[in-house]
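Trainee: My questions all concern the structure below.
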Amino acid sequence: MGLKPGFSKTQIHPNTIRQIFFLALLIFIGLIIVKELYFMVGAFFGAITLYVILMYPLKYLVIIKGWKAPLAAIVLMLLSLVIMVLPLIYMTTVAVEKVTPIIENPAIINDVVNQVHQYLFTNFQIDILKSDNVQKISNQILPFAQKTLGGTFSALGNIFLMYLVLYFLVVETKKVQKWLRQNVPFKTANVKKIINEITSLVYSNALGIPIVAFIQGIAGMLGYWIFGVEEFMLMGILTAISSVIPLIGTLAIYLPLAIYQFVVVSPWQGIGVALWGFIVIGAVDNIARFMVQKKLADVHPLITLLGVIMGINLFGFIGVIFGPLMLSVFFILARIYVDEFGKVDANRPDQIQPMDE
């Protein structure tokens, strides 16, 4: 097709200029919106997560039982608040209340470490806990813990916004689904694949991870109480949180705790905590994870680890759920992109590559 009169090959067509200007304006406004509403990112992801979880109960109440959508939405939101959110808030509050004084006064940790170091060096000539090593560990862990607590307070403050967004998603679910079908720029098969995989990932992260963590936390709390751990509730909560860490998991809590009990409190209590951790908590982990994960998505341990680190940096404690979910969704979208645009389609002449002569 020839050029319009008055244009040369070196000139940019006005339509191209208008398109570039429009995209630049769109990106500029979008960046401003993201910057000003960044504090709502946690609330937005939380609303989407709960929306996916509540979809099937909502359809049951509205379609089968004939409830009005607003009433069904309010009932389900209240149930999710009581069953999922309030227990999480309570555990977070307990953990923050107990951990904050320790973070604000690292000397508490140093005193405990020094006691353990003296015992190990005196009885076994083990010198791995000398002050230089402890200082290096503290310099890495304490800032991360402070950031986690700060992000946690921010996430808790976004709960109202999360439920506000969730209400409109649930009440206007038909409009949301119609908009997705019309505006997601992928083939119908890939749109269905995205929805199915994201749904599976949401269930795995928002239900599977907390269920396994809760079971391990209860098992740990019971054992710590039996063997006389003073802060058995806090240690149980920390055991639940550590269960999301791949490979190490709850060992990161009950092993140092067993050493502390052995050195500072009583040798038999330390041995009891160690045996309870290796035998009971370990068995509970394997059984619970097997029973839950076989019904949910199988997320690679590396994605879980990197997702937890990223999620905590972004959202605080609640990031242990959203972080792996975000990372998994990223890889799903990358696969879909390759399927849509990265493969040669013989039915599209513009993608057919010439054969070598």
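Just so we're aligned, residue -3 is where the sequence shown starts under the numbering used here, counting upward by one.
The beta carbon of each residue, even a glycine, is placed where N, CA and C say it ideally should be.
Remember, predicted model here, so these are calculated numbers, not experimental data.
1. At 4 residues or longer, what runs of the alpha helix (DSSP H) sit wholly inside the stretch 219 to 277?
2. Whose C-beta lies closer than 7 Å to the C-beta of Y47 among residues of the same chain, with five residues either side of it excluded?
3. Does the distance from the CB of Y256 to the CB of G216 come in under 8 Å?
4. Whole-angstrom Cβ separation of I191 and A91, contact assumed at under 8 Å?
5. For F258, does the count of other Cβ atoms within 10 angstroms reach 16, so buried, or fall short, so exposed?
6. Based on Cα-Cα distance, which residue from V288, K64, F228 lies nearest to Q265?
7. Alpha carbon to alpha carbon, what distance is there between I13 and P345?
8. Could you check which residue in A279, I308, I79 has the C-alpha nearest to that of L203?
9. Take the Cβ of N154 as the centre, count every other Cβ of all protein chains shown within 10 Å, and call the residue buried at 16 or more, exposed below.
10. How long is the line joining the alpha carbons of V180 and L72, rounded to whole angstroms?
11. Going by CA-CA distance only, name the one from Y220, V260, V304 that's closest to V269.
12. Can you check the stretch 55 to 96 for any alpha helix (DSSP H) of at least 4 residues that lies completely inside it and give the ranges in chain order?
13. On a CA-only basis, which of P320, V280, Q114, N282 is nearest V420? Give me that one, please.
14. Would you kindly report the start and end of the unbroken alpha helix (DSSP H) that includes I328?
15. Where does L33 fall in DSSP's three states?
16. Tell me which residues share the same chain as I328 and place their Cβ nearer than 6 Å to its Cβ, disregarding the 5 neighbours each side in the sequence.
17. Under the rule that 16 or more other beta-carbon atoms within 10 Å means buried, what is P206, buried or exposed?
Mentor: Put simply:
1. 228 to 238, 247 to 256, 263 to 271
2. Counting only Cβ-Cβ distances below 7 Å, and skipping sequence neighbours, we find L162, L165, V166.
3. no
4. That belief does not hold up - the Cβ atoms of I191 and A91 are roughly 35 Å apart, past 8 Å.
5. buried
6. F228
7. The predicted model places P345 with a pLDDT of 48, which falls under 50 and marks its position as unreliable; any figure quoted below should be read in that light. Rounded to the nearest angstrom, the two C-alpha atoms are 27 Å apart.
8. Nearest of A279, I308, I79 to L203, Cα basis: I79.
9. buried
10. L72 has its alpha-carbon roughly 28 Å from the corresponding atom of V180.
11. Y220
12. 65 to 76
13. Given a span of -3 to 353 for the chain in the structure shown, any question on residue 420 remains unanswerable.
14. 315 to 337
15. DSSP places L33 in coil when its eight states are reduced to three.
16. Answer for I328: E193, listed in chain order.
17. buried
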